[in-house]
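In our numbering, the protein residues as written are 1 to 451. First comes the structure, then the notes that go with it.
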Ligand code: ADP
């Protein structure tokens, strides 16, 4: 196993990785930008290296600085966390070229899944159900119109290199196609320096349901059930739960096995998440994330599997050590992403944290890098904490969540705690009746009631 792991990230995920390493007896190296010198991940790690100024492109995205820090400190592996360089195949290759292990799947898998056109091809070949669409890139408006007719409107034009909800435009009919096609292409070019687009059927009221995968280097792959991440604003997840209120155990088992078998067929190892849209009882492959995800703790809560620990173990060449039959699903878990934002306007409000008190008690977990007196910098993502609760039933988890949100004290900055309190009191949410558009409608309703 590794002796020293460099954690190429910040915030709660850097802490999450540090904690797993500590429990495994592995030393940790934190890297940080100049504004993060006082961050919790820097304080907790065995060693810390400043890798550059505040802008992420000069620090957390600075490949050479990170690899140099690993070489200087003698780290034998790099954990990329999520975001930043976690899905950068070139970085993974550079790391390996320096004789350091990249904690993640192979660069080949990262590259294949990072391009949505090749990812969709791989999904089809490995037996995953996909959304009907163009077979690969669509190069001209004439071809786009041909596919629109063939698939049937509404359709969505999507960037092959897409991410963060950018480079996607819906066309409801042929008249809207020319504009949707050129807008998506231009946005793809300016956001990703790659204007390749493709087209697929636009599903109108789907849920977002994703399957957690974990595999070793010897062909052992298990799935850890699903997470329902339908509650989104601007394509950003806000609250996630496992299991999905929309699935029964048979459906879970079926899609879980399809996902795990597909990964075996592809030769995928390490952690990964296969995202699906789910509508009228059917799953459609959306994309695959080749890294640990923000919402992984809800899966840990219902399965008891320490995902980050096992990710590090398998990266170090260990055998997974358990099979699908060993995975038992227990109760229900919900995660709220708490952001330093105004809970109505969503304008980020970084600043100095005054009082900081996190909730506790049975089955309550808070993953956060914050503390009283900490200055939240304006340079990075606005998430300040993840609150995860577990209950034997969904109702039990909701009651616990309500209690835990009430206990949370964060002073000095505005947060989205009030938004979560409103969401979980809503009868439709309590019923589990929601799709990917529900939160937008809920927010419109909220604003109307107030004005
Ligand atoms: P990104 O990588 O930018 O997040 P995704 O392909 O994961 O892009 O899609 C992000 C979101 O866009 C989905 O969660 C869903 O809300 C919406 N979306 C994408 N493709 C479709 C589709 N074919 N039909 C309906 N909604 C879609």
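Ideal placement from N, C-alpha and C gives every residue a C-beta, glycine not left out.
State yes or no: is the C-beta of residue i nearer than 8 Å to some heavy atom of the ligand ADP?
i, result
"residue 357", "no"
"residue 328", "no"
"residue 113", "no"
"residue 168", "yes"
"residue 203", "yes"
"residue 277", "yes"
"residue 98", "no"
"residue 61", "no"
"residue 418", "no"
"residue 296", "no"
"residue 287", "yes"
"residue 110", "no"
"residue 129", "no"
"residue 158", "yes"
"residue 116", "yes"
"residue 460", "This structure cannot speak to residue 460, because the chain is shown only from 1 to 451."
"residue 241", "no"
"residue 176", "no"
"residue 232", "yes"
"residue 163", "yes"
"residue 172", "no"
"residue 274", "no"
"residue 436", "yes"
"residue 208", "yes"
"residue 235", "yes"
"residue 200", "yes"
By the 10 Å Cβ neighbour count, where 16 or more other Cβ atoms means buried, how is residue i classified, buried or exposed?
i, result
"residue 43", "exposed"
"residue 441", "exposed"
"residue 135", "exposed"
"residue 152", "exposed"
"residue 387", "buried"
"residue 305", "buried"
"residue 502", "As displayed, the chain neither begins before 1 nor continues past 451, which places residue 502 out of reach and without an answer."
"residue 59", "buried"
"residue 72", "exposed"
"residue 444", "exposed"
"residue 434", "buried"
"residue 280", "exposed"
Using C-beta distances below 6 Å, list every residue in its chain close to residue i, excluding the 5 sequence neighbours before and after it, in chain order.
i, result
"residue 95", "78 and 102"
"residue 107", "89, 92 and 93"
"residue 419", "343"
"residue 217", "269"
"residue 432", "245"
Give me, in chain order, the residues of the same chain whose beta-carbon lies closer than 7 Å to that of residue i; leave out the 5 immediate sequence neighbours on both sides.
i, result
"residue 178", "141"
"residue 119", "112, 113, 287 and 288"
"residue 349", "340, 341, 342, 413 and 414"
"residue 229", "208, 210, 237, 240 and 295"
"residue 109", "268 and 290"
"residue 416", "338, 339, 341 and 343"
"residue 219", "264"
Per DSSP, what are the beta-bridge partners of residue i in this structure?
i, result
"residue 283", "278"
"residue 236", "233"
"residue 289", "273"
"residue 421", "Partner(s): none; residue 421 has no beta bridge."
"residue 101", "77"
"residue 338", "385"
"residue 4", "27"
"residue 357", "409"
"residue 402", "For residue 402, which the question treats as bridged, DSSP gives no partner whatsoever."
"residue 171", "155"
"residue 241", "228 and 334"
"residue 375", "352"
"residue 367", "386"
"residue 391", "332"
What does a CB cutoff of less than 8 Å around residue i pick up in its chain, not counting 5 residues either side in sequence?
i, result
"residue 331", "301, 302, 390, 391, 392, 393, 396 and 397"
"residue 127", "258, 261, 262 and 265"
"residue 226", "209, 210, 211, 212, 242, 243, 244, 247, 252, 255 and 256"
"residue 131", "200, 201, 203, 277, 284, 285 and 286"
"residue 405", "336, 359, 387, 417, 420, 421 and 424"
"residue 27", "3, 4, 5, 21, 46 and 47"
Using 9 Å as the limit for Cβ to Cβ distance, is residue i near chain D?
i, result
"residue 312", "Looking at the structure shown, chain D is missing, and only one protein chain is on hand."
List in chain order: all unbroken beta strand (DSSP E) runs of 3+ residues lying wholly within the segment 197–228.
-> 197–201 and 207–215
4 or more residues per run - each alpha helix (DSSP H) lying fully within the segment 83–159 | 89–97, 107–114, 116–125 and 141–151
Complete beta strand (DSSP E) runs within the segment 31–56 (minimum length 3 residues, chain order) | 47–52
Just list the beta strand (DSSP E) runs in the segment 306–353, keeping only unbroken ones of 3 residues or longer that don't cross its boundaries, in chain order.
-> 332–339
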